[in-house]
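Notes to accompany the following structure.
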Amino acid sequence: MSVRLPRIVDDVLSRPTWPGTLPRPLERRNLGVDYDTAWTREPWARFLRRAFVDNVTRPFVTALTSPRVFGREHLDPLEGPVIFAANHSSHLDTSIVVSCLPDRFRRRTVVAAAADYFFDRPWKAALWSLALGTIPMERNKVSRQSADLAASLLTDGWNLVIFPEGGRSRDGWGQEFRGGAAYLAKRCNAPVVPIHLRGVRPVFPKGGRALRRGKVEVRFGNPLRPGDAAAQADREEDARHFAARIEESVALLADEAESDWWSARKRAATGRTPPFRGPAASSWRRAWALPSSARRTSSARSKSSAKPW
Amino acid sequence: MSPRPGFVLEVDRSTPPTLFWHGEGFRFERLPEGARVVYPPEPLDGLVDPDASIRHALEHPLGDSQPLSSLLKPGMRLTIAFDDVSLPLPPMRRPDIRQRIIEIVLDAAAAAGVDDVVLIAALAIHRRMTDDELRHALGDRVFDAFAPSGLLLQHDAEDPGALVHLGLTEKGEDVEINRRASESDLLIYVNINLSAMDGGHKSVATGLASYRSLRHHHNVRTLQQSRSLMDRHNSEMHSSNWRMGRFIKDAGVKIFQIESTLNLDMFPSQFAFLQKREWEWSLLDRAAFHASRLSLDRTPPRLARQIFQSMLSPYAPTSVQAGEVEAVHDVTLENLHRQQLVAVEGQTDILTMGLPYLCPYNVNSIMNPILVACLGLGYFFNLYRGKPLVREGGVCIISHPTPWAFHPVHHPSYIDFFEQVLAETTDLIEIEKNYEHAFATDPWYIHLYRTSYAYHGVHPFYMWYWCAHALEHLGAVIIVGGDRAAVRRMGFKPASTLADALEMAEDVVGRNPTITHLHAPPLLVADVT
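Given below as structure tokens:
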């Protein structure tokens, strides 16, 4: 039995509709790119996060993916804020990167996360920003607000984990690197450490419903600084070119992961590094060409989804 | 956040119902898709220190006027005239801007050693103000200092001894004004310029004039050629006043004009929804609106009237300027337009408007049918600059209960005008020709005007003439929710609902008409291009 409120009560409680002929002013709500994450960098929140990462995230990642880390020595000479730029194919990427960072970086790291995905509900925004130190990043358009927040944190000495592809890969191949990481590096004069994650997609791909144990490899590349290439080319390097250079570095790490360091270096020297974004071909040919480390085979699907009925 | 300007909304399916004033109540009407609603601007911020602004204006006059302090001399005759109870609407919370200005003027006069000071309420042929109304407008300090000793006067347009005929303008218009004002060494006029119609030379040439003088600009021909009353450069009524004003100046009357403008903060906080756009109403606004509407529907008209008439506005002054009349008025108009002007593109077939409980002539009184017509067709229709909001031959739909009710003390001649004259004819020219003189010179009406609180015998005629431009321009006038007999008496068509009225209007303007709603008050002036 439905209960109808008296009309007058309904009239008072119902918000008036907005005329469709008028632009609706943006409501400044504490969500999305407006979400204020300052509280998650308070000492008490950092203590909780550290306890959570050390006692929940890292054991979970280790148990699920048994990560092998290569090139961590590249981080040794680095001091001050660093931008970690990784390829992105799974929700697990953040947890894996954070878990694999040396302790001195991990204690003071924030993660750029999609404002429209991780900050669209109050509970999600609070959970992820507390658990992983995420900050909202506008990925659909250029946002001064996102950039200013990230830049101010870098200036304050925080390290930043960012996925320059702007979202998880749909088919396992890489996507074009956007300019955010490069822009921030130039603006704050911070080094960018390229990271390649291999084997995460089979564990938990985009659209996947179940976790699957797997073997993950994490490769840290040589730190890149804006202007390194420019010095060689005797010209100023803009953010777009620097972003392309970061992408090339991740592609080199991917090649190294699929072959060996020496072969990858030789191919890089001759400009024959396999394309990071895969072949420019139809979807089935792209799927055909995907390395096995990025494939989630049918046997890896959950039993329920494998049922024919 | 700075106040938002007025704008024109195009109604669509998701537009919430629109608030219509309906006398001492409201209607909530859903306008057809495609209709336009002209919304007034939000109130501008008031002056930070009104008293300092007034002092500054008095000592830095506009035009060829000298500062007030240098005009005040011991032994001089000083007269201070001020606008009557018809301004502002609704009455302003204390302190009224007239009180602020007059107190500062009197401080300057006292400092200069001026003894002969008289205050005059510039009534023209309006009813006299009660002591309470004078006290409210002028404040206790001024009232108690001047009223007991007979120095607070009310202009009497029928006292031959208190009037002086200064002569005729080049167009043969009699200029007859208050003798005391005319023979003073300095006449200071304190205005409240609520609309662009107020102020300028109209202050003295109308406010302190006699019937003999007023009839030259308050007549059918002049008002038909006043397009609009809010645009003085295209208003024959203002042109006549300007001629008279310049004649008065040339006759040697020294006038120091003080004009003030107010923002559009017209309603107290419990009626805040009246100043908001419907889709921005908060929970509190919605509760206040529905509670008001429900309770007013069940309140006897007399009590509802008392509730509304006791409402005082939290107006804030936005500017004060003083000096030579025309220079002052030009600046005043700029300040008024800054607050009230709304750009509107194109005319409409049907203009709708909801009329409130108040017009300039029923403060603490009853809004009788003639005043409903005057407010709708005389004032609201004229809230334009450029072209009328409604096209020639279009229809005006007015929402108001239009009760067949009159205040017997304030409006005695209105009763006879409605019962006798309008029962015979509604034709403006015929009324002016056959009936005006008899009412204007009727000794009983004159007696009531001079000794009681009655409007002059000719006043209902002027209210009817005020509709002259609209009646000539429009194809039909429909009143929604009005007393049918009263509406028909005035030659208009009654309708029960807005939907009915729109159907009826289509018979005049054709199928699929364009509709524009004037969302006032708060007051606005449509700049129609």
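Those sequence lines, one after another, are chains A and B.
Numbering-wise, the first sequence is residues 33 to 341 according to this note's numbering.
Numbering-wise, the second sequence is residues 1402 to 1930 according to this note's numbering.
Heads up, the beta-carbon is just placed ideally off N, CA and C, and yes, glycines get one too.
None of these values were measured; they are calculated from a predicted model.
- A distance below 7 Å between beta-carbons, with the five flanking residues on each side excluded, links His1874 of chain B to the following residues of its chain, in chain order: Pro1789, Glu1793.
- Within the region 81-147 of chain A, the complete beta strand (DSSP E) runs of at least 3 residues fall at 100-102, 115-118, 141-146.
- Shown here, Arg257 of chain A sits in coil according to DSSP, grouped into three states, outside any helix or strand.
- At least 8 Å separates the CB of Asp66 of chain A from every CB of chain B.
- Fewer than three pairs of CB atoms, one per stretch, sit closer than 8 Å, so the region 1806-1818 of chain B makes no contact with the region 1910-1919 of chain B.
- Gln1707 of chain B counts as exposed, since fewer than 16 other beta carbons sit within 10 angstroms of its beta carbon.
- Against chain A, a Cβ distance below 7 Å from Glu1679 of chain B picks out Pro48.
- Under the three-state reduction of DSSP output, Lys1894 of chain B falls in the strand class.
- Contact residues of the region 1661-1690 of chain B toward chain A are Glu1679, Trp1680, Glu1681, Trp1682, Leu1684, Arg1687, Ala1688 (C-beta to C-beta distance below 8 Å).
- For Thr1803 of chain B, the number of other beta carbons within 10 angstroms of its own is at least 16, and it is reported as buried.
- Contact between the region 176-193 of chain A and the region 90-105 of chain A is absent: fewer than 3 CB-CB pairs across the two stretches fall below 8 Å.
- Here Leu1569 of chain B is exposed: its Cβ has fewer than 16 other Cβ atoms, across all protein chains shown, within 10 Å.
- Taking 8 Å as the cut-off, the Cβ atoms of Leu1490 of chain B and Leu1759 of chain B count as close.
- Following the DSSP letters along the chain, one finds His1918 of chain B in no alpha helix (DSSP H) but inside the beta strand (DSSP E) bounded by residues 1916-1919.
- Between Ile278 of chain A and Val193 of chain A, the CB-CB gap reaches or exceeds 8 Å.
- Contact check for Ser1415 of chain B and Thr49 of chain A: beta-carbon distance about 4 Å, within the 8 Å limit, so the pair qualifies.
- When the Cα atoms are used, Leu1685 of chain B and Arg1431 of chain B turn out to be separated by approximately 21 Å.
- Per DSSP, the unbroken alpha helix (DSSP H) holding Trp294 of chain A starts and ends at 293-301.
- For the 8 Å CB-CB criterion, Glu1725 of chain B and Gln1671 of chain B do not form a contact.
- Distance from the CA atom of Trp205 of chain A to the CA atom of Gly199 of chain A, rounded to whole angstroms, is 12 Å.
- Counting of Cβ neighbours within 10 angstroms places Thr1842 of chain B among the exposed residues, the total staying below 16.
- With a threshold of 8 Å between beta carbons, Pro1442 of chain B makes no contact with chain A.
- C-alpha of Ala145 of chain A to C-alpha of Arg1687 of chain B: approximately 40 Å in a straight line.
- Taking C-beta separations shorter than 6 Å and ignoring five residues to either side along the sequence, the partners of Gly1407 of chain B in its chain run Tyr1440, Pro1441, Pro1442, Val1743, Leu1925, following chain order.
- Straight through space, the alpha carbons of Ser1583 of chain B and Leu1520 of chain B are spaced by roughly 13 Å.
- Your pair Ala1855 of chain B and Arg1528 of chain B checks out as a contact, with CB atoms roughly 6 Å apart and the cut at 8 Å.
- Beta-bridge partners of Gln1722 of chain B (DSSP): B:Glu1660.
- Checking the DSSP bridge columns, you'll see Gln1555 of chain B partnered with B:Ala1522.
- Within the same chain, and ignoring the five residues on either side of Ser1629 of chain B in sequence, the residues whose Cβ sits closer than 6 Å to its Cβ are Asn1783, Tyr1785.
- For Leu1432 of chain B, the closest Cβ of chain A is not nearer than 8 Å.
- For Pro1861 of chain B, the secondary structure class from DSSP, reduced to helix, strand or coil, is helix.
- Taking 8 Å as the cut-off, the Cβ atoms of His1602 of chain B and Asn1642 of chain B count as close.
- By the neighbour-count criterion, in which a residue is buried when 16 or more other Cβ atoms sit within 10 angstroms of its Cβ, Gln1740 of chain B is buried.
- Counting along the chain, no beta strand (DSSP E) covers Ala217 of chain A; the unbroken alpha helix (DSSP H) around it starts and ends at 212-220.
- Of the candidates B:Ala1887, B:Glu1637, B:Arg1678, the residue whose Cα lies closest to the Cα of Arg1405 of chain B is B:Arg1678.
- Using beta-carbon distances, Pro51 of chain A counts as an interface residue toward chain B, with a partner under 8 Å.
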